[in-house]
Amino acid sequence: MLVNRMLVIGTAFFLDLLLGDPYWFPHPIRFIGSLIGKLDSYLYHQFRKNNESLLRGGVILAVLVVLVSTGIPLLIVWLGYRLSTVAGVLAEGFLCYTLLATKSLKDESMKVYEAFRKRDVEGARYAVSRIVGRDTEPLSESGIMKAAIETVAENTSDGSIAPMLYLAIGGAPLGFFYKAVNTMDSMIGYKNDKYLYFGRCAAKLDDIVNYIPARISAYFMIAASFFLKMNWRKALFIYRRDCKNHASPNSAQTESVCAGALGIELAGNAWYFGKLVEKPTIGDSIKPVEAEDIKRANRLLYGTAWISFLLIELLAGILWLLAR
């Protein structure tokens, strides 16, 4: 069992680093997103008569999405292992690969960097608009850079470390449970007029499932900053000081580490759906943010991912040896 899990996680990790998320591939997360979109359209209209009703509708949506998103991978994995151990490991390994986003996060954020390298500010604005939820039109050049860096920092946990931890505990089914919750939050977990009540269940679930992984990711990132010869002491200091400087209990965990390691200031006020949202800053502006900081944030992403992978495999190996 432990050996199979080690092989599954290894397969998933290296496939992600090698392939990323090809645009042509019918990605399971896109299916989950499509399911959420359809249920959102139907259930919102069915339950919009009052706030209490909207809360119930949001709970029903969350339950349906989780059941479908977890049930299908569970069936595929069960069928794979029924055929043979090799078939099961390959099937589960491939499913788990689709849950990791380390390479795709780097690829998409580096498009912002490449646009700045060509002095194409509007190209950078377009590239960052594809990976952030905020309004990008009001952003200055430094604002675009910060948005890209914040996305890499926050999604180091959401897109790489957290799914890896859930895969280590419960394989593909638990990994898909996590990604279903995470995708729901990204689509309907907003505190705006439409989703304040309807999306509350999704938002609270996301806070819960990310609470421990976000903090583990932060300490892994501090370790990565040490091995990468970045300012790990400042990373630890800013983490302790600013890790709660966000409306979400989890988002500032890795953002604060990244800001400290790079010696820059992140976060602050931002526009969402045409409204200015006031937010505290994270980090100290020791130096102005620059495009090279996007590359440095990605080095932290990869360093953190490798530390997580190696520690998970090491722990599984030790447990396997003890169980023999």
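In the UniProt record's numbering, the protein residues as written are 1 to 324.
All C-beta atoms, glycine included, are put in the ideal place defined by N, C-alpha and C.
Candidates SER69, GLN46, GLY10: closest to GLY58 by CA position: For this step, residue 58 is matched to residue 58 along the sequence shown. For the residues SER69, GLN46, GLY10, the minimum Cα distance to GLY58 belongs to GLN46.
Helix, strand or coil at LYS279 [DSSP, three-state]: On the sequence shown, position 279 is the one that residue 279 refers to. In this structure, LYS279 counts as coil in the three-state DSSP scheme.
Enclosing beta strand (DSSP E) for residue 328 [first to last residue]: Because residue 328 is not part of the residues shown, which for the chain are 1 to 324, the question remains open.
Identity of the residue in ALA305, PRO280, ILE312, ALA270 nearest SER140 by Cα: Stepping through the sequence shown from its first residue, residue 140 is reached at position 140. Nearest option by C-alpha distance: ALA270.
Reduced DSSP category for LEU266 - H, G, I as helix; E, B as strand; rest coil: Counting from one through the sequence shown, the residue named residue 266 turns up at place 266. DSSP places LEU266 in the strand class (E or B) of the three-state scheme.
Reference ARG56, options ARG200, LEU79, ALA180, closest by Cα: Here residue 56 corresponds to residue number 56 of the sequence shown, with the count starting at 1. When only C-alpha atoms are compared, the closest one is ARG200.
8 Å Cβ cutoff met for ILE294 and ALA180: In the sequence shown, the residue the question calls residue 294 occupies position 294. In the sequence shown, the residue the question calls residue 180 occupies position 180. Not in contact: ILE294 and ALA180 (Cβ atoms no closer than 8 Å).
Outcome for PHE273 when other beta-carbon atoms lying within 10 angstroms are tallied against a minimum of 16: Position 273 of the sequence shown, counted from the start, is the residue given in the question as residue 273. Label assigned to PHE273: exposed.
Cβ pair ILE106, VAL289 closer than 8 Å: The count along the sequence shown starts at 1 and reaches residue 106 at position 106. The count along the sequence shown starts at 1 and reaches residue 289 at position 289. Before going further, note that residue 106 is Lys rather than Ile in the sequence given. Not in contact: LYS106 and VAL289 (Cβ atoms no closer than 8 Å).
Nearest to PHE13 (by Cα), restricted to the options TYR113, ALA172, SER285: In the sequence shown, counting from the first residue as 1, residue 13 sits at position 13. Of TYR113, ALA172, SER285, the residue nearest in Cα terms is ALA172.
With 16 other Cβ atoms within 10 Å as the buried cut-off, status of MET1: One-based indexing of the sequence shown puts residue 1 at position 1. MET1 counts as exposed, since fewer than 16 other C-beta atoms from the protein chains shown sit within 10 angstroms of its C-beta.
Status (buried if at least 16 other CB within 10 Å, exposed otherwise) for VAL86: Mapped onto the sequence shown, residue 86 falls at position 86. By the 10 Å Cβ count, VAL86 comes out exposed.
Any alpha helix (DSSP H) of 4 or more consecutive residues that is wholly inside the stretch 190 to 233: 195 to 198, 200 to 227
Three-state secondary structure assigned by DSSP to SER286: Indexing the sequence shown from 1 puts residue 286 at position 286. Here residue 286 is Ile; the residue named in the question, Ser, does not match the sequence. Three-state DSSP puts ILE286 in coil, outside helix and strand.
Range covered by the alpha helix (DSSP H) that runs through ILE318: The residue given as residue 318 occupies position 318 in the sequence shown. ILE318 -> alpha helix (DSSP H) spans 292 to 323.
Residue environment, GLU150, which counts as buried when at least 16 other CB atoms sit within 10 Å: What you label residue 150 is simply residue 150 of the sequence shown in a count that begins at 1. The residue in question, GLU150, is buried, as its Cβ has 16 or more Cβ neighbours within 10 Å.
Uninterrupted alpha helix (DSSP H) stretches inside the stretch 12 to 89 (no shorter than 4 residues): 28 to 46, 51 to 83
Cut-off 8 Å between Cβ atoms - residues of its own chain near TYR44, not counting five sequence neighbours on either side: Counting from 1 along the sequence shown, the entry for residue 44 is found at position 44. Hits under 8 Å: LEU54, GLY57, LYS194, PHE198.
Outcome for GLU92 when other beta-carbon atoms lying within 10 angstroms are tallied against a minimum of 16: To locate residue 92, count along the sequence shown from 1; it is residue 92. Per the 10 Å Cβ criterion, buried.
Status (buried if at least 16 other CB within 10 Å, exposed otherwise) for ILE169: Indexing the sequence shown from 1 puts residue 169 at position 169. Burial call: exposed.
ALA247 in three-state terms, based on DSSP: Within the sequence shown, residue 247 is the residue found at index 247, counting from 1. In this structure, ALA247 counts as coil in the three-state DSSP scheme.
Contacting residues, own chain, Cβ-Cβ under 6 Å from LEU236 (five flanking each side not counted): Taking the first residue of the sequence shown as position 1, residue 236 is located at position 236. In its chain, beyond the 5 residues on either side, ILE222 have a beta carbon closer than 6 Å to the beta carbon of LEU236.
Whole-angstrom C-beta distance between ILE36 and ILE131, which should lie under 8 Å: Translated into the one-based positions of the sequence shown, residue 131 becomes position 131. Translated into the one-based positions of the sequence shown, residue 36 becomes position 36. Contact doesn't hold; Cβ gap of about 19 Å is too wide.
8 Å contact criterion, which LEU17 and THR156 should meet: CB distance rounded: The residue given as residue 17 occupies position 17 in the sequence shown. The residue given as residue 156 occupies position 156 in the sequence shown. About 14 Å separates the two Cβ atoms, so there is no contact after all.
Touch test, the stretch 202 to 209 against the stretch 94 to 101, Cβ-Cβ under 8 Å, three pairs minimum: no
Buried versus exposed call for LEU300 [16 or more other C-beta atoms within 10 Å across all chains shown]: As a first step, residue 300 must be located in the sequence shown, where it is residue number 300. So LEU300 ends up on the buried side.
C-alpha distance - VAL152 paired with SER217, whole-angstrom precision: Your numbering for residue 152 matches position 152 in the sequence shown. Your numbering for residue 217 matches position 217 in the sequence shown. When rounded, the distance between both Cα atoms is 13 Å.
Buried versus exposed, by CB contacts within 10 Å (16 or more), TRP78: Counting from 1 along the sequence shown, the entry for residue 78 is found at position 78. Burial call: exposed.
Element boundaries [alpha helix (DSSP H), containing MET145]: Walking along the sequence shown from the start, residue 145 turns up at place 145. Note, MET145: alpha helix (DSSP H), 141 to 156.
Host alpha helix (DSSP H) of ILE161 (start-end): In the sequence shown, counting from the first residue as 1, residue 161 sits at position 161. Segment: none, ILE161 is in no alpha helix (DSSP H) and carries neither H nor E.
Cα-Cα separation, GLU108 to TYR211: Translated into the one-based positions of the sequence shown, residue 108 becomes position 108. Translated into the one-based positions of the sequence shown, residue 211 becomes position 211. The alpha-carbon atoms of GLU108 and TYR211 are separated by roughly 26 Å.
Three-state secondary structure (DSSP) of LYS179: The sequence position of residue 179 within the sequence shown is 179, counting from 1. Note: LYS179 maps to helix in three-state DSSP.
Touch test, the stretch 66 to 80 against the stretch 238 to 257, Cβ-Cβ under 8 Å, three pairs minimum: no
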